[in-house]
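Every letter in the first sequence is one number past the one before it in the working numbering, and letter 107, counting from 1, is 107.
Cβ atoms here follow ideal geometry from the backbone N, Cα and C, with glycine treated the same way.
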Amino acid sequence: MQPDELLRDLTEPQRAAVTHADGPLLVLAGAGSGKTRVITRRAAYLALTVTRPRHVAAITFTNKAANEMRQRIAAFGLPGMTVATFHSLCARLLRQYAGQVGLKSNFSIYDESDRNEVVRRAVVESGLALDQWSVGRVVPAISLAKNHMLTPAEYTGKEVQDFGARTIARIWEKYDELMRERNAVDFDDLLRLVARMLEEKPEIRDDLEDTYRYLLIDEYQDTNLAQFEIARRLCRKRQNICATGDPDQSIYGWRGATIRNILEFEQHFPNAKVVKLEQNYRSTPRILAVASHLIASNKRRKEKTLWTHNDDGPPVRVVECEDADSEAEFVARSIADLAAAGTALRDVAIFCRINSLTRVLETALRNGGIAYQVARGVEFYNRKEIKDTVSYLRVLANLDDDVSLARIINTPARGIGPTSIERLADYARAHNKRLIDALREADRIEGVGRAAAKIRQFVKMLDELRGAAGKPLRELIETVLDVTGLEDEFRQTSTDDNNRVANVEELISSAARFQEESDEPTLVNFLSQVSLVSDQDAIKSESGCVTIMTLHAAKGLEFPVVFMVGLEDGVLPHARARDDPNQMEEERRLCFVGITRAMRQLTMSRARRRQIRGTWIPTVRSPFLMELPLQEIEWQSEQEGQFRTGRPIFGYGGAEPFPTEQWAQQRSRRGWDRRADPDAEERPRHWTDDDDPPAGRHGRQASRERRETGRAKSSHAESSTDKAGGGSSHGIKVGQLVTHGRYGVGRVASIDGWGEDAKASVEFKPPTGRRTFFLKFGTIRPAR
DNA sequence: AGCAAGATGCTTTTT
DNA sequence: GCATCTTGCT
1 MQPDELLRDL TEPQRAAVTH ADGPLLVLAG AGSGKTRVIT RRAAYLALTV
51 TRPRHVAAIT FTNKAANEMR QRIAAFGLPG MTVATFHSLC ARLLRQYAGQ
101 VGLKSNFSIY DESDRNEVVR RAVVESGLAL DQWSVGRVVP AISLAKNHML
151 TPAEYTGKEV QDFGARTIAR IWEKYDELMR ERNAVDFDDL LRLVARMLEE
201 KPEIRDDLED TYRYLLIDEY QDTNLAQFEI ARRLCRKRQN ICATGDPDQS
251 IYGWRGATIR NILEFEQHFP NAKVVKLEQN YRSTPRILAV ASHLIASNKR
301 RKEKTLWTHN DDGPPVRVVE CEDADSEAEF VARSIADLAA AGTALRDVAI
351 FCRINSLTRV LETALRNGGI AYQVARGVEF YNRKEIKDTV SYLRVLANLD
401 DDVSLARIIN TPARGIGPTS IERLADYARA HNKRLIDALR EADRIEGVGR
451 AAAKIRQFVK MLDELRGAAG KPLRELIETV LDVTGLEDEF RQTSTDDNNR
501 VANVEELISS AARFQEESDE PTLVNFLSQV SLVSDQDAIK SESGCVTIMT
551 LHAAKGLEFP VVFMVGLEDG VLPHARARDD PNQMEEERRL CFVGITRAMR
601 QLTMSRARRR QIRGTWIPTV RSPFLMELPL QEIEWQSEQE GQFRTGRPIF
651 GYGGAEPFPT EQWAQQRSRR GWDRRADPDA EERPRHWTDD DDPPAGRHGR
701 QASRERRETG RAKSSHAESS TDKAGGGSSH GIKVGQLVTH GRYGVGRVAS
751 IDGWGEDAKA SVEFKPPTGR RTFFLKFGTI RPAR
């Protein structure tokens, strides 16, 4: 293949991103801008021009992304490239260099539940009470600290006075110790240990830098500090890092991702070239307008303007329903209508902020006879039968793995009860031995009397199985299932709903596939893959049904028709984000991600009443709805079962469609009433002038008007709104760009008058020309 | 060992 | 309000 062939059908900015050879490169890839295409082309282009495939490494977050990329690159016929997720690459490196970082290369990778088990143990062994130091409290603290590359000492360091922090650090140290004993690492360790290794072992880093000469890092906006350090340390010599991502789609801050990594890329990598991909191939201009207008309220971002050649499509709708049930029915009915008109169900998706909202939707779709699937986080590998089987395999691979061993001692039930297991564990701890050694010495342990014989049998069985550990994977797993009695158990407990036998068979075939496809199909490597693969990777688009999923799960996907439900204050944005401006921005990005998944038709909805934990409560409209460009949107309101199109009333979010007498009184009493002019309700809210981004860090145009993002102090439309009645804070200045519902964007030429009489003269593009508006009517609004 | 009644807790969840 | 885990009982 000729390199030029890779460029033929690319746009100018895409080409620039693909052909940039040496030195740091940041590709700001807007939603739907053909990012994957650019990355894969770039990988191939580099391999054909400035280097060879084996010196190119593309790193992604999900297996799904990695697989897709691998496939596309394979089409170029350039074998030998590294395409991996951060975690799988790190696991590979840690196995390779295990000895140098204090691990054995057969280490186990612990998932959430395994890790929780060890944390629980660490709490107990630290002499603390589990109900006070619950997993839910300890785990996130440690995980976050690890992702920020802290050590326990550094973690306490800042807050020596803080008893809580000191205790967490103590538990953490214990936890690390227990993990080392078990020859196990968790997901966070994979990253952290590699990052540390690259710093502390210059000779290893040197080798790796010579291997991975060109780095491509995808979804860079979702990297945490550990991942950033890995990337940075891998390109220290050559600085050949290409990061792609979109700050507006950073939605994993709560997991330790740092949006700063992408915002400050140019500081971290001086002389970086920046390419913006702003042409969108996915959505209609209307959808993009809505998305852009919303995200403009964020401060922590990089300026970017999405545009498209696509045709207009139907208007974006916002629908306010009486309650959650009728919202779900509305969605179901709309989908039924679409289906009747020829839309395929697989082209339709429903997004919600939290999983608990799916239930009403499921009911409504079922009642409406509409086929659907829920993309749940319930993973294949978390099923009991899979975990049981995998635990046996883990023990065979890593005899130090006490957590897995404890899990299988009595699975299937063989008369070794919890008391005996506890005694064994106590003995092991007291004598500083592994659990497996305690098992072998069971006869000598006090209080294990009757179970001792059964333990002996179990150990014998394990030794037998270990003899089979070298067999091909399929055979090995089948032997395990047979010898342990698991197979019989699964056969007996399988139901139509939950076919355990079939699930285990799926595991076997994935092992067989691994055996064929992997370069090094060892048991340890298979287990690695099992730990690092989730079935989020397997959201099928082929099934002929509607997909219900969370906004997080929706990232990276696209659907012709999208419904977003629950646009309510406390749901989206989530209540717990409400008093933190940074979290509010993340919620807004989440909303943005949802909107930009839609290709042709987008409907956002909200219920005026919703059942939260059992009781019906009136909701408040999401502040994000009020940040949408009103003139772009068709508003519908349900009243007594009828849907009417009309303008919403801002500042009002109660259970009634329109203000009640009581509400109106309350409103004027508080002094935030607005005139009854219907146009006035369209005016954007919350303009302030003192709200620029922090000290021009990223060199933004200071002149640009920024919208207040907060609304954090109160859930009602509040005072800042209604300075508008008083005059000067309509937020419109001479020279500023404003939009008008009919005439579009224009520039303010002059402002005359004051207060009620203030009017602006606005210059629009021909043929409209210059027009004058009374500001009090709010017909022109600041554009962004 | 197995079940049933209580207790708990409840955003999102790439790996 | 509900599902999931724990505890206590037989």
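| In or out: glutamate 520 buried (at least 16 other Cβ within 10 Å) or exposed? | Looking at its Cβ environment, which holds fewer than 16 other Cβ atoms inside 10 Å, glutamate 520 is exposed.
| DSSP on leucine 557, reduced to helix/strand/coil? | coil
| query | Quick one: Cα of arginine 42 to Cα of glutamate 422, how far? | reply | Using only the alpha carbons, I get a separation of about 56 Å.
| request: Find the nearest neighbour of leucine 25 within the set Val275, Ala553, Val374, judged by alpha-carbon distance. | output: Residue Val275 holds the alpha-carbon nearest to the alpha-carbon of leucine 25 among Val275, Ala553, Val374.
| said: What does DSSP give as the partner residue(s) for lysine 104 in the beta ladder? | reply: The partner list for lysine 104 (beta bridge, DSSP) is empty, contrary to what the question assumes.
| Outcome for arginine 121 when other beta-carbon atoms lying within 10 angstroms are tallied against a minimum of 16 | buried
| Host beta strand (DSSP E) of tyrosine 372 (start-end) | 372-374
| Segment contact flag, the segment 164-182 with the segment 123-140, C-beta cutoff 8 Å, min 3 pairs | yes
| Would asparagine 271 be called buried (16 or more neighbouring beta carbons within 10 Å of its own) or exposed? | exposed
| request: Kindly give me the distance between the Cβ atoms of glycine 256 and asparagine 116, rounded to whole angstroms, as I take these residues to be in contact under 8 Å. | output: 18 Å between Cβ atoms; not a contact.
| message | Using CA atoms only, rank isn't needed, just tell me which of Leu737, Leu775, Pro782 is closest to glutamate 793. | response | Any answer about residue 793 is impossible in this case: the structure gives the chain only from 1 up to 784.
| query | Run through DSSP, which three-state label would methionine 604 get? | reply | Methionine 604: strand per DSSP, three-state reduction.
| message | If you reduce the DSSP assignment to three classes, tell me which class cysteine 235 lands in. | response | coil
| said: Could you tell me which whole alpha helix (DSSP H) segments of length 4 or greater appear in the segment 499-551? | reply: 500-517, 523-532
| request: Identify whether glutamine 2 lies in helix, strand or coil by the three-state DSSP scheme. | output: coil
| For isoleucine 386, the three-state DSSP class (helix, strand or coil) | helix
| Under a Cβ-count criterion, where at least 16 other Cβ atoms within 10 Å of its own Cβ denotes burial, should tryptophan 307 be classed as buried or exposed? | exposed
| said: Does the contact criterion of 3 or more C-beta pairs under 8 Å hold for the segment 48-65 versus the segment 307-318? | reply: no
| said: So phenylalanine 624 and leucine 567 are supposed to be a Cβ contact under 8 Å. How far apart are they, rounded? | reply: 7 Å
| request: Classify alanine 58 as helix, strand or coil using the three-state DSSP reduction. | output: strand
| query | Tell me which same chain residues have a C-beta within less than 6 Å of the C-beta of arginine 670, skipping the five on either side of it? | reply | Residue placement at arginine 670 cannot be trusted, given a pLDDT of 39 that sits under 50; the coordinates are not used to answer.
| field | Helix, strand or coil at valine 459 [DSSP, three-state] | value | helix
| said: Threshold first: 4 residues or longer. Then list the alpha helix (DSSP H) segments lying entirely within the segment 143-212, N to C. | reply: 152-157, 163-181, 187-200, 202-211
| field | Inter-residue spacing [alpha-carbon to alpha-carbon] between threonine 11 and serine 33 | value | The alpha-carbon atoms of threonine 11 and serine 33 are separated by roughly 11 Å.
| field | Pick from Arg92, Pro13, Phe643, Thr82 that is closest to phenylalanine 330, judged by C-alpha positions | value | Taking the Cα of phenylalanine 330 as reference, the smallest distance to any Cα among Arg92, Pro13, Phe643, Thr82 is reached at Phe643.
| message | My output table needs one value for tryptophan 307: the three-state DSSP class, helix, strand or coil. | response | strand
| message | Assuming histidine 740 is part of the beta strand (DSSP E), what are its boundary residues? | response | 737-740
| said: To the nearest angstrom, how far is the alpha carbon of arginine 366 from that of serine 292? | reply: Cα to Cα, the separation comes out at about 35 Å.
| Assigned exposure category for glutamine 227 - 16 Cβ within 10 Å defines buried | The residue is buried, with at least 16 neighbouring Cβ atoms inside 10 Å.
| C-beta contact flag for arginine 588 and arginine 606 at 8 Å | Cβ distance not < 8 Å, so arginine 588 and arginine 606 don't count as in contact.
| At which residue ranges does the segment 8-63 contain complete alpha helix (DSSP H) runs of 4 or more residues, listed in the order of the chain? | 12-19, 35-49
| said: I'd like to know whether the C-beta atoms of proline 629 and arginine 600 end up nearer to each other than 8 Å. | reply: no
| query | Should phenylalanine 163 be labelled buried (16 or more other beta-carbon atoms within 10 Å of its own) or exposed? | reply | exposed
| query | What did DSSP end up calling phenylalanine 773 once you bin it into helix, strand or coil? | reply | For phenylalanine 773, the three-state secondary structure derived from DSSP is strand.
| field | Terminal residues of the alpha helix (DSSP H) in which aspartate 402 lies | value | 402-408
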